[in-house]
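Novice:
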Amino acid sequence: MPLFFSRVRICTLTSLDMFTSRLQNADKKWDSICRIPYSTPGRWVQVLDLACLPKFEAFVIDSLLTQLFPLLPFLTRLSINPTMSMSRRALAALALRDGCQNLRVLEGISYDPSFNSSITTSNDPLVQLLHSCPNLEQLEMFGLGLDPADIDSTSDAESGMQTICNLSLHLGQLHTLALLSMPSSSLLWALINTSLPSLRKVTVTPYDDIPYPISLVSRFIQVHGLLLHSLSFFTPKLWPTLLHTSPSTIFHSAPNLRHLSLECPLPMLTVPHDSDSSSPSLCLKILSIPRPNSDSWRILERLLPHLPHLVAVRVRDVRWLRRGMTPRAQEAGVQGEMRGWRRRLARRGINLLDGDWKETD
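Counting from 1, position 355 in the sequence shown corresponds to residue 355 in this note's numbering; the numbering is continuous, with no gaps.
Okay, structure coming up:
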């Protein structure tokens, strides 16, 4: 029975309601004289996957989660549908429950910008949640992107910065972080001011063309880039999709990268100058780009002399055509561009991979 409840995946509101009722009834019957202070089956649950829950009836789901979280003291992994924002009460129930220090993975957490106002910034519920999770290893959060009206609010952002610039967290075990569609937030400020010695893999949405401090993403990379091995720039495909530029100084801030994934428009990357060598050597082994074209090739060709360890270029948004297609179809459009890239890269001993990490068609 403990194994049955150790990993729970719920996809419907009815199932969530029944599961919550089951745990509540068991908790009411639990004898306080028992050697273990937590009721079963709630204390058996270690993984809770709610990623496929529909965003409809969000208020009811939020109420159920507020009741459910305190009954899961040994929860180590929580996955939420990112299109569904949890309220302050649900986040408080997750942060203030017994055993919050056991949480290792948080995925799909949606960040509501209303939590980041001048009134609430010192009591940001997500900052409070992470403050209660010192053993967190993986964190994935989704913001709501950038409102064009926010670009004119530089003075408000600077005043808010003074309030929270001293906030810091204790996340010594955090090694994987994804902050998507989040140009600025109280949480991002706190992470900038937090020591993250284990951080190795970061995925962010780029906002380098948005001035500081309205966008904090580039500042975050400057602060924590030195230890990174993998850095991915990715813009979620939501309508309307607004693509912002990536920083051109990535290799200056993160010189030890093994994997770099870029977003359109590709930046004109610069290479740090090494006084001991006329041609500085970078550690990059895999470079990912969205789609191949002539402009992308010119940028890549200029970088190749500085990437002696590069073994693969991945085209993230394109797949090889399946076998059986005519030669003319295989040489047309993007497929033809990919084949041309494959021939040119092969001369340098570099493989071309498609979005499925496949080397050939």
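All residues carry an ideal CB built from backbone N, CA and C; glycine is no exception. Predicted model, so just to flag it, every value in this text is computed and none were measured.
Look at the alpha carbon of Leu78 and the alpha carbon of Arg302, and state the distance between them as a whole number of angstroms.
Specialist: Working through the sequence shown from its first residue, we reach residue 78 at position 78. Working through the sequence shown from its first residue, we reach residue 302 at position 302. Cα to Cα, Leu78 sits roughly 43 Å from Arg302.
Novice: Mapping the DSSP letters down to three states, classify Gly108 as helix, strand or coil.
Specialist: The sequence position of residue 108 within the sequence shown is 108, counting from 1. Strand, per DSSP.
Novice: Decide if His273 is buried, meaning its Cβ has at least 16 other Cβ atoms within 10 Å, or exposed.
Specialist: For this step, residue 273 is matched to residue 273 along the sequence shown. Answer is exposed; the Cβ neighbour count stays below 16.
Novice: Alpha carbon to alpha carbon, what distance is there between Leu227 and Gln173?
Specialist: Reading the sequence shown from its first residue, position 173 is the one you call residue 173. Reading the sequence shown from its first residue, position 227 is the one you call residue 227. One C-alpha to the other measures close to 14 Å.
Novice: Under a three-way DSSP split, which group does Gln101 fall into?
Specialist: Along the sequence shown, one-based indexing puts residue 101 at 101. Gln101: helix per DSSP, three-state reduction.
Novice: Which one of Asp354, Pro213, Pro70 and Ala312 has the shortest CA to CA distance from Gln348?
Specialist: Your numbering for residue 348 matches position 348 in the sequence shown. At residue 348 the sequence reads Arg, which differs from the Gln that was named. Nearest option by C-alpha distance: Ala312.
Novice: Can you check which of these residues, Gly99, Leu103, Leu72 and Ser110, is closest to Arg88 by C-alpha distance?
Specialist: Within the sequence shown, residue 88 is the residue found at index 88, counting from 1. Closest option to Arg88, Cα to Cα, is Ser110.
Novice: What is the residue span of the alpha helix (DSSP H) that Gln24 lies within?
Specialist: One-based indexing of the sequence shown puts residue 24 at position 24. That run of the alpha helix (DSSP H) goes Leu13 to Lys29.
Novice: Quick one, are the C-beta atoms of Lys26 and Gly108 less than 7 Å apart?
Specialist: As a first step, residue 26 is located in the sequence shown; it is residue number 26 there, counting from the start. As a first step, residue 108 is located in the sequence shown; it is residue number 108 there, counting from the start. Here residue 26 is Ala; the residue named in the question, Lys, does not match the sequence. No. Outside cutoff.
Novice: For Thr120, I'd like the list of residues in its chain whose CB is within less than 7 Å of its CB, leaving aside the five on either flank, ordered along the chain.
Specialist: The sequence position of residue 120 within the sequence shown is 120, counting from 1. Residue confidence for Thr120 is low, a pLDDT of 46 falling below 50, so the modelled location carries little weight; the figure read from the coordinates is stated next. Cβ neighbours of Thr120 beyond the five flanking positions: none.
Novice: Going by DSSP, name the residue or residues bridged to Ala381.
Specialist: Lying outside 1 to 361, the shown extent of the chain, residue 381 is not represented and no answer is given.
Novice: With which residues is His259 paired in a DSSP beta bridge?
Specialist: Position 259 of the sequence shown holds residue 259. Answer is Ser230 and Ile286.
Novice: Please report the distance separating the alpha-carbon of Leu16 from that of Glu57.
Specialist: Your numbering for residue 16 matches position 16 in the sequence shown. Your numbering for residue 57 matches position 57 in the sequence shown. Each residue's alpha carbon lies about 12 Å from the other.
Novice: When you compare each of Arg104, Ala254 and His306 to Leu231 by their alpha carbons, which one comes out closest?
Specialist: To locate residue 231, count along the sequence shown from 1; it is residue 231. Considering only alpha carbons, the answer is Ala254.
Novice: I'd like the span of the beta strand (DSSP E) that includes Ala178, first residue to last.
Specialist: Counting from one through the sequence shown, the residue named residue 178 turns up at place 178. First-last of the beta strand (DSSP E) with Ala178: Thr176 to Leu180.
Novice: Buried or exposed for Ser218, going by 16 or more other Cβ atoms inside 10 Å?
Specialist: Locating residue 218 in the sequence shown gives position 218, where the first residue counts as 1. Per the 10 Å Cβ criterion, buried.
Novice: State the DSSP-derived secondary structure class of Leu304, mapped to helix, strand or coil.
Specialist: In the sequence shown, residue 304 corresponds to position 304, counting from 1. The answer is helix: DSSP assigns Leu304 an H, G or I state.
Novice: For Asn221 and Leu75, what's the separation of their Cα atoms in angstroms?
Specialist: In the sequence shown, residue 221 corresponds to position 221, counting from 1. In the sequence shown, residue 75 corresponds to position 75, counting from 1. Checking the sequence shown, residue 221 turns out to be Ile, not Asn. Those two C-alpha atoms are separated by around 31 Å.
Novice: Who are Leu50's beta bridge partners in DSSP?
Specialist: The count along the sequence shown starts at 1 and reaches residue 50 at position 50. Answer is Ile80, bridged to Leu50.
Novice: Quick check on the burial criterion: 16 or more other C-beta atoms within 10 angstroms. Buried or exposed for Gly263?
Specialist: As a position in the sequence shown, residue 263 is number 263, starting the count at 1. Before going on, a small fix: residue 263 reads as Glu here, not Gly. With 16 or more Cβ atoms within 10 Å of its Cβ, Glu263 is classed as buried.
Novice: Rounded to the nearest angstrom, what separates Thr40 and Leu144 at their Cα positions?
Specialist: Translated into the one-based positions of the sequence shown, residue 40 becomes position 40. Translated into the one-based positions of the sequence shown, residue 144 becomes position 144. Straight-line Cα distance between these residues: approximately 38 Å.
Novice: Pull up the distance between the alpha-carbon of Val45 and that of Ile61, whole angstroms please.
Specialist: Residue mapping note: residue 45 aligns to position 45 of the sequence shown, counting from 1. Residue mapping note: residue 61 aligns to position 61 of the sequence shown, counting from 1. Between Val45 and Ile61, the C-alpha separation is close to 19 Å.
Novice: Quick check: the Cα distance between Leu321 and Met338, rounded to an integer number of angstroms?
Specialist: On the sequence shown, residue 321 is found 321 positions in, with the first residue counted as 1. On the sequence shown, residue 338 is found 338 positions in, with the first residue counted as 1. Cα to Cα, Leu321 sits roughly 11 Å from Met338.
Novice: Taking the beta strand (DSSP E) that Met141 falls in, what are its first and last residues?
Specialist: To locate residue 141, count along the sequence shown from 1; it is residue 141. Start and end: Gln138 to Phe142.
Novice: Is it right to say Ile36 is buried, meaning 16 or more other beta carbons lie within 10 angstroms of its own, or is it exposed?
Specialist: Numbered from 1 along the sequence shown, position 36 holds the residue referred to as residue 36. That one is exposed.
Novice: Tell me whether Arg9 sits in a helix, a strand or coil according to DSSP, three-state version.
Specialist: Numbered from its first residue, the sequence shown carries residue 9 at position 9. In the structure shown, Arg9 sits in a strand (DSSP, three-state: E or B).
Novice: Just to confirm before moving on: does the CB-CB distance between Pro292 and Trp341 stay below 7 Å?
Specialist: Translated into positions along the sequence shown, residue 292 becomes position 292. Translated into positions along the sequence shown, residue 341 becomes position 341. In contact: Pro292 and Trp341 (Cβ atoms closer than 7 Å).
Novice: Who pairs with Thr203 in a beta bridge, going by DSSP?
Specialist: Locating residue 203 in the sequence shown gives position 203, where the first residue counts as 1. Thr203 is bridged to Ala178 and Ser232.
Novice: Between the C-alpha atoms of Ala178 and Phe59, what's the straight-line distance to the nearest angstrom?
Specialist: The sequence position of residue 178 within the sequence shown is 178, counting from 1. The sequence position of residue 59 within the sequence shown is 59, counting from 1. In a straight line, the C-alpha of Ala178 is about 26 Å away from that of Phe59.
Novice: Which same chain residues, not among the five before or five after Thr249, have their C-beta less than 7 Å away from its C-beta?
Specialist: Walking along the sequence shown from the start, residue 249 turns up at place 249. The answer, listed in chain order, is Thr270.
Novice: Counting along the chain, where does the alpha helix (DSSP H) carrying Trp189 start and finish?
Specialist: Here residue 189 refers to the residue found at position 189 when the sequence shown is read from its first residue. Element bounds for Trp189: Ser186 to Ile192.
Novice: Could you check what DSSP says for Val45 in three-state terms: helix, strand or coil?
Specialist: Residue 45 sits at position 45 when you count from the first residue of the sequence shown. It is coil, neither helix nor strand.
Novice: By alpha-carbon positions, which one of Leu65, Ser288 and Ile10 ends up nearest to Leu257?
Specialist: Residue mapping note: residue 257 aligns to position 257 of the sequence shown, counting from 1. Nearest option by C-alpha distance: Ser288.
Novice: Exposed or buried, what is Asp356 when buried is set at 16 or more other beta-carbons lying within 10 Å of its beta-carbon?
Specialist: Residue 356 sits at position 356 when you count from the first residue of the sequence shown. Burial call: exposed.
Novice: What is the residue span of the alpha helix (DSSP H) that Val318 lies within?
Specialist: Counting from 1 along the sequence shown, the entry for residue 318 is found at position 318. First-last for Val318: undefined, no H or E at that position.
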